[in-house]
Amino acid sequence: SDADSIPAATLDVAAPKAEARQEATTILSKNEPGAVADRDDIFKPIDRSKYETVTTKEALARWIARAHEVGTVCVDTETTSLSEMVAELVGVALSVAPGEACYIPVGHGVSDGLDFGDGKPVQLPRDYLVKQLKPLLEDDAVLKVGQNVKYDFHIFLRYGIRLHPFDDTMLMSYALDEGL
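So the mapping is simple: this note's numbering equals the position in the sequence shown, first residue as 1, plus 7.
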């Protein structure tokens, strides 16, 4: 067989990776929460009513409550720089389920290309957002998920928020598939 011609050391390294892929395939085939097993689910039309630009305190409170209810929230920061040491927070995106997300603008200015149309952005004050998000983003009972969370972690830390617990999809991808 082909396995007889593969050195044992190679099999020792490859086996765990193959097992992880098999487990992922099994999870997808079981259609467990969060898994997308049906191609139609991936390509169905986007329901824009499930996406919101949050510009009021009431809407923010609703999204924070929903994240606590679900127990998992995807989070992403929008900033003024790729360098987390100098970047200012411009907005935060949250998602509580596939196809259910919001964007909370806090630092958009006039004529910066991010003014949402009429020249005067309607947005919550940055300090208010930080104060409201801190309990959620530091809650041990709510898992935060993101891509390149190290960056977001540093941004939030500069505003006094210690993001935890969290999962980083970029690190997961690297660990499972060497970043492919």
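C-beta: ideal position from N, C-alpha, C; glycine also.
Near residue i, which residues of its chain fall below 6 Å by C-beta distance, leaving aside the five closest residues on each side in sequence?
{"i": "V77", "result": "V103"}
{"i": "E91", "result": "Y158, H161 and I162"}
Quick check on residue i: buried or exposed, where buried means 16 or more other Cβ atoms within 10 Å of its Cβ?
{"i": "D184", "result": "exposed"}
{"i": "L89", "result": "exposed"}
{"i": "I53", "result": "exposed"}
{"i": "F50", "result": "exposed"}
{"i": "T84", "result": "buried"}
Can the beta-carbon of residue i be found less than 8 Å from the beta-carbon of residue j?
{"i": "D174", "j": "N155", "result": "no"}
{"i": "G167", "j": "C81", "result": "no"}
{"i": "V99", "j": "T87", "result": "no"}
Could you check how far apart the C-beta atoms of residue i and residue j are, in whole angstroms? I think they sit under 8 Å.
{"i": "Y58", "j": "A108", "result": "6 Å"}
{"i": "A74", "j": "L143", "result": "6 Å"}
{"i": "K151", "j": "L178", "result": "Not confirmed; about 13 Å, so no contact."}
Give me the Cα-Cα distance between residue i and residue j, rounded to the nearest whole angstrom.
{"i": "R165", "j": "V137", "result": "11 Å"}
{"i": "I162", "j": "D134", "result": "14 Å"}
{"i": "P128", "j": "D147", "result": "34 Å"}
{"i": "E196", "j": "A182", "result": "Here the chain comprises residues numbered 8 to 187, so residue 196 is not present and cannot be evaluated."}
{"i": "S56", "j": "A66", "result": "14 Å"}
{"i": "F160", "j": "W70", "result": "20 Å"}
{"i": "P105", "j": "D47", "result": "14 Å"}
{"i": "Y110", "j": "T79", "result": "17 Å"}
{"i": "T60", "j": "A72", "result": "16 Å"}
{"i": "K64", "j": "P172", "result": "25 Å"}
{"i": "L101", "j": "V149", "result": "13 Å"}
So, at 7 Å on beta carbons, what are the nonlocal neighbours of residue i in its own chain, with the 5 sequence-adjacent residues on each side left out?
{"i": "Q130", "result": "T62, P112, V113 and H115"}
Which residues in the same chain have their Cβ closer than 8 Å to the Cβ of residue i, if we skip the five residues on either side of it in sequence?
{"i": "K141", "result": "G167 and I168"}
{"i": "A68", "result": "Q139"}
{"i": "P132", "result": "V113"}
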